[in-house]
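Protein chains in written order, with our numbering: chain A, 117 to 421; chain B, 8 to 300.
What follows is the structure, given as structure tokens:
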């Protein structure tokens, strides 16, 4: 994972382990004590409970009962769960351009010395700092049948589409809203990447008569490739966190067309109170995410070799 | 096309003289494009504001859209403030931010310091342990954390909202980077003077890391101000709702008038946008710095 830049290598101590004056063996652990306690309370214990629940039947009102792998067998035969997995990957595929491709163009647009460029960067980043609920409220107006988006479509002779109530359009509409909200974040990542592109190479290429497209393909892209892995990984993670927009805008509907794994888990646990079953589904989501992270790492390593 | 202009590094470009004759850039075209794209990102918020200012005599929806309020009225803001426990939601969010952010900074700093500056067995392991929390989606933690909170008897209480927000891999990660970047000589000098690790941490490392700590405070403020999902699960009593959850509640209660909902939403955005506008340069550059590592 180190090569993705997400997890940097820890710098090895220069002189090897040694006792420093005033430092007892347990000093570092004492420093980390609050962090470790919180980790145990908010991650360790919940992880343990999660595992326990996934092999139990538990519906809040009934006592916990061990059922072995029953939950997983039920999941394997549950068409709604399969549908949710499909939607999760579909959503990811529609969200990734907003994380990996479009922000690069945004970053290139604002990566220049111009008066007021900081204001533009801030404007593009604005949706990132606002709450998803507020964003959802605004987009509910924009996407409604009489909203601005449909008006723009009508100008080119299309529509109207009731985006959030149409089973074909609801999931793409959510991907656009989530993409719009998060694009600024990925833009900043690419901005950092672009600042590392050697200026001399670009100038040399310009002198040699290379056009913009050639410079992008042969100089900029190779230089920022490690960052593409970062946006890809973060984009995948972010797309599985799309719960809030779904909750506010569509509640998984119409007809389960926006039911993703995250929403499925929430719905199963907190609306149907089938906690054990939801925990098993959560474990499956977790395994999928580990799988994606490992695949990503593999991809990176092959290129490094 | 705008992307055609050569990509340049602002810092370097500032110090270097123009080395080569280059194509005159179409500046006006660039600005037009910049403004158009800005419209895409700021427009929805302006639309929200315009809707909140519309008088009831003017329809919210019309075709083609009639977006300019004539005349602008503040009635809906007054309504949002008075008919909903709006002040209460705001106060709750202030409380959540006020308690969580300081704790978050202390825990992040004390956890990050040994990971960056003290050599001990298992340092890499502990670092990866804390970092691994970054890869867990919130939805996965909802159920088990709900059960943990119930076990502790903390459901539907302020601590239920505060506790999970204190530990964040981002804080530990950024501060570890900052502490690790402090020159060895500075730390060594303090050690030679006989300072203990705690003393070095408090009097040397933390003051040097102040810019990072400030940025973390801002990011913490933003994220806690916007928190929605976990409070939704952990809280029942609406008098403890933070503002973002309050807005969703508002949309359920007064779903009848979109102007009132728009006004309430704008009110919830004001503090976080104000903080961002004043500090955006620091936020953006620190985010970029964090990515570069």
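The beta carbon of each residue, even a glycine, is placed where N, CA and C say it ideally should be.
Take residue i as the anchor and find which of the options has the nearest alpha-carbon.
i	options	result
residue 155(A)	214(B), 197(B), 175(B) and 279(B)	175(B)
residue 391(A)	146(A), 171(A), 290(A) and 145(A)	171(A)
residue 269(B)	35(B), 50(B) and 55(B)	55(B)
residue 196(A)	410(A), 408(A), 369(A) and 413(A)	369(A)
residue 4(B)	98(B), 188(B), 196(B) and 93(B)	What the structure shows of chain B is the stretch from 8 to 300, and residue 4(B) is not part of that stretch, so it cannot be assessed.
residue 351(A)	150(A), 294(A) and 179(A)	294(A)
residue 285(B)	379(A), 218(A) and 235(A)	235(A)
residue 217(A)	300(A), 380(A), 383(A) and 413(A)	300(A)
residue 149(B)	405(A), 279(A) and 399(A)	399(A)
residue 205(A)	394(A), 330(A), 374(A) and 183(A)	374(A)
residue 275(B)	253(A), 260(A) and 179(A)	253(A)
residue 141(A)	130(B), 173(B) and 277(B)	130(B)
residue 286(A)	159(A), 364(A) and 182(A)	364(A)
residue 142(B)	415(A), 411(A), 413(A) and 402(A)	402(A)
residue 298(A)	147(A), 228(A) and 357(A)	357(A)
residue 296(A)	394(A), 354(A) and 226(A)	354(A)
residue 127(B)	229(A), 393(A) and 143(A)	143(A)
residue 307(A)	237(A), 383(A) and 405(A)	237(A)
residue 251(A)	258(B), 217(B) and 77(B)	258(B)
Is residue i helix, strand or coil by DSSP?
i	result
residue 231(A)	coil
residue 260(A)	coil
residue 306(A)	helix
residue 165(B)	helix
residue 315(A)	helix
residue 175(A)	coil
residue 389(A)	coil
residue 181(A)	strand
residue 78(A)	In the structure as shown, chain A begins at 117 and stops at 421. Residue 78(A) is therefore absent and cannot be evaluated.
residue 297(A)	helix
residue 208(B)	helix
residue 118(B)	helix
residue 138(A)	Because the pLDDT at residue 138(A) is just 49, under 50, the model does not fix this residue reliably, and the point stays unresolved.
residue 284(B)	helix
residue 230(B)	helix
residue 319(B)	In this structure chain B extends from 8 to 300, so residue 319(B) is not present and cannot be described.
residue 142(B)	helix
residue 131(B)	helix
Between residue i and chain B, is there a C-beta pair that is closer than 8 Å?
i	result
residue 262(A)	yes
residue 219(A)	no
residue 249(A)	yes
residue 155(A)	yes
residue 182(A)	no
residue 246(A)	yes
residue 150(A)	yes
residue 253(A)	yes
residue 234(A)	yes
residue 214(A)	no
Taking 8 Å as the CB-CB cut-off, is residue i touching chain A?
i	result
residue 287(B)	yes
residue 235(B)	yes
residue 212(B)	no
residue 145(B)	yes
residue 118(B)	yes
residue 185(B)	no
residue 77(B)	no
residue 280(B)	yes
residue 121(B)	yes
residue 171(B)	yes
residue 294(B)	yes
residue 275(B)	yes
residue 100(B)	no
Please confirm whether residue i and residue j have their CB atoms less than 8 Å apart.
i	j	result
residue 248(B)	residue 96(B)	yes
residue 249(A)	residue 255(B)	yes
residue 347(A)	residue 243(A)	no
residue 165(A)	residue 226(B)	no
residue 335(A)	residue 318(A)	yes
residue 293(B)	residue 199(B)	no
residue 145(B)	residue 237(B)	yes
residue 116(A)	residue 207(A)	Because chain A is modelled from 117 through 421, residue 116(A) falls outside the range shown and cannot be assessed.
residue 289(A)	residue 349(A)	no
Looking only at its chain, what residues have a beta carbon closer than 7 Å to the beta carbon of residue i, apart from the 5 residues adjacent to it on each side?
i	result
residue 156(B)	162, 167 and 241
residue 396(A)	170, 187, 188 and 191
residue 312(A)	339
residue 246(B)	92 and 95
Who are the near neighbours of residue i in its chain, counting only those whose CB is closer than 8 Å to its CB and skipping five residues on each side?
i	result
residue 211(B)	189, 193, 194, 197 and 202
residue 185(A)	171
Within a Cβ cutoff of 6 Å, which residues of the same chain sit near residue i, ignoring the five residues on either side of it in sequence?
i	result
residue 1(B)	The structure shown has nothing for residue 1(B), since chain B only spans 8 to 300.
residue 137(A)	For residue 137(A), the pLDDT reaches just 49, beneath the cut-off of 50, and the residue's location in the model is therefore unreliable, although a value from the coordinates is still provided. Closer than 6 Å at the Cβ level, and outside the excluded window around residue 137(A), lies no residue.
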